[in-house]
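Note sheet for the following structure.
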Amino acid sequence: MNKFLSVFLFLCLSLSTPVNVYGSFEHKEEEKSLKRKAPKESSEMPRAEEEKHETPVSEKGGPLKKQKAKSSHPCLMDALSFKTKNLSVRPLTPEDYDSAKAVDQSDASFVNIITEEPDALDNSLTIIKEGSQLLQKIDVSDLNPFRTNTPLGILYFGAFLEKELVGLLKFIGFYPAQEDMKTHYLGTDVKFHKTAQGKGYASEVYQALFHHFSTLKLIPTGEEDKDTTAFLGVHGLIHLTNKGSLKCLVFKCDAKIGRLYGDRVDIYYPRIFQEQTQEEFLPSPDLQLDPTLRPLFKRYLSRETVDNSQGAEEELYTLSFKRLMDSKKEEHFKENIMAESGFLIRALGRFPTLFSLIPQAHLQDVNACVTEEEESLPPLETLPSEVVEKLTEFQGYLKKIREMLPKIEKPQETSSVIPEQETEKNKGE
């Protein structure tokens, strides 16, 4: 695990205006479970056949003026293009690529949405090019070719203010149903240009997209139609400190909270349905979690009363810390806390009472996590001043935790060499 990268991503996330759904939670983890190649079929899907009409004849026997026959359904590119109050939204085309890179690079504090490596399997330009060609050929009445041939199951949308691209949305999981996962959630990520952040554009776009997806029978509106749609809904992974995205998806788009674990807040739209497969190291989404956490998150996100918000923050950290400590799979405890090391250090540094929740048997694992973070801190002189400020705060947390942790010696390694004295004894037997 690249510990420097995890610390740096956490620090960057803390400095930025939170708009990205995932914050410092790289969507790579989500992509690993969702990126599966569809069955190899030709991506050249024929456009739906135009309706054939016999040439009409006038009452006098002469032919009427011929009219061009039209398909009864629009192509999927047109069906997925729409306008909101302030923006125009549509799937990206290759002509948008340079503008998309500019949006992605405008704020380096979030994980990149655009992949530029030319040889990478998930090269964004290739996916956008093949995807836009496919959307132009598919009739909206038949989504099967779309699910079967979408490159890596990824679809990029652009949000345009007048004619300027200001936002990127990425959806992952457009692949066919398979035996081990007949229905699943689409993953999502979003990033707006730094100059367009904080204006409510993300919630405006998501609300409209969710409506369009449900109209096209891509996602359900509720329990009654979940068996007739292509996917169960949309799943988002939000960092606990990413208040902007929590407000956007939980309170403005009415997504449901299904999991709180370390810095992870998993949300589901339109609601939580039971998936046929679950992530290996994480607890399953909790159907009862949203009613419990929604009032707490409302207080946490409130700007009206600082004391109330801080009290809710401590409650959330305590609850999330308990869930991290109560890992159902004990053999993965160390791996889990290493993955959530940023949360672990921040939680213990800010709320020392959480030390009492660490199982005695796992103090050694927590100690190892703190040691690895201490050893991976980068030189301060190589970083921007605003990052240095956050890194200094992080160092303070580490120092505080080190003072509170009991002195734990590393377990001695068992030697496989037989002592000489014992060897001589064995010889005499």
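Numbers in the working numbering are just positions in the sequence shown, counted from 1, shifted up by 49.
Note that beta-carbon positions come from the ideal geometry of N, C-alpha and C, so glycine has one too.
This one's a predicted model, so the numbers in the text were calculated from it and none came from an experiment.
Looking at the secondary structure, which residues open and close the beta strand (DSSP E) in which residue i lies?
i    : result
T237 : Y234 to F241
R139 : S137 to P140
Taking DSSP's pairing of strands, which residues face residue i in a bridge?
i    : result
F206 : P140 and L218
I39  : A question about residue 39 goes unanswered here, because the residues of the chain that appear run from 50 up to 478.
K132 : S137
K306 : Looking at the sequence shown, residue 306 is not Lys but Ile. Answer by DSSP bridge pairing, in chain order: I316.
G282 : Y234
P124 : The sequence given here has Cys at residue 124, not Pro. Paired residues: D188.
E213 : L210
For residue i, is the beta carbon positioned less than 6 Å from some heavy atom of the ligand COA?
i    : result
E211 : Annotation note on the ligand COA: not contained in the displayed structure, which lists no ligands.
Short of 8 Å in beta carbon distance, which residues of its chain neighbour residue i, apart from the five on each side in sequence? Order them along the chain.
i    : result
T164 : D171, N172 and S173
D153 : N161, I162, I163, L217 and K240
M374 : L406, I407, P408 and H411
Which two residues bound the contiguous alpha helix (DSSP H) that contains residue i?
i    : result
C418 : L412 to E424
N193 : N193 to N198
R395 : S390 to R399
V152 : Y146 to Q154
Y349 : L338 to Y349
My output table needs one value for residue i: the three-state DSSP class, helix, strand or coil.
i    : result
A118 : The predicted position of A118 is uncertain, since its pLDDT is 46 and thus under 50; no value can be drawn from it.
D171 : coil
E166 : coil
L253 : Residue identity check: residue 253 is Glu in the sequence provided, not Leu. E253: helix per DSSP, three-state reduction.
E435 : helix
G293 : helix
R352 : coil
I386 : helix
Q246 : coil
R372 : helix
L201 : helix
A361 : helix
S333 : coil
T402 : helix
What does a CB cutoff of less than 7 Å around residue i pick up in its chain, not counting 5 residues either side in sequence?
i    : result
K371 : L406
T133 : E253, V254 and A257
Y146 : L174 and I177
Ordered along the chain, which non-local residues of its own chain (more than five positions away) have a Cβ less than 6 Å from that of residue i?
i    : result
L129 : P140
E362 : Y349
K266 : T278
R308 : D315 and P334
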